[in-house]
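Residue numbers (my numbering): 371 to 433.
Following: one structure in structure tokens, then a few remarks.
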Amino acid sequence: MSGFIERIPAIASPCINRCEIDPSSRQCLGCARTLDEIAAWGSSTTEWRAAVMAALPGRRETR
């Protein structure tokens, strides 16, 4: 064993590799996150990620 421990995020990114920002909503057409949310994801807390994930279905419905 190499001693390397892989860190698995508590809440995985909702990215589906369809990265395109809608100019009117300023949200990604793939995952529905804002650019600020996308940029902050890697260093955010589990609680913050959970709040973003909870908001995404409503954003997708309003498109």
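Just so it is clear, CB atoms sit at the ideal spot from N, CA and C, and this is done for glycine as well.
CB of residue i within 8 Å of CB of residue j, strictly
i: residue 393; j: residue 423; result: no
i: residue 388; j: residue 399; result: yes
i: residue 401; j: residue 381; result: no
Residue burial classification, residue i (beta-carbon count within 10 angstroms, cutoff 16)
i: residue 403; result: buried
i: residue 419; result: buried
i: residue 417; result: exposed
Limits of the unbroken alpha helix (DSSP H) element including residue i
i: residue 390; result: Unbroken run through residue 390: none, as it is neither H nor E.
i: residue 425; result: 416–431
i: residue 405; result: 405–410
CA nearest to the CA of residue i, picked from the options
i: residue 428; options: 380, 397 and 382; result: 397
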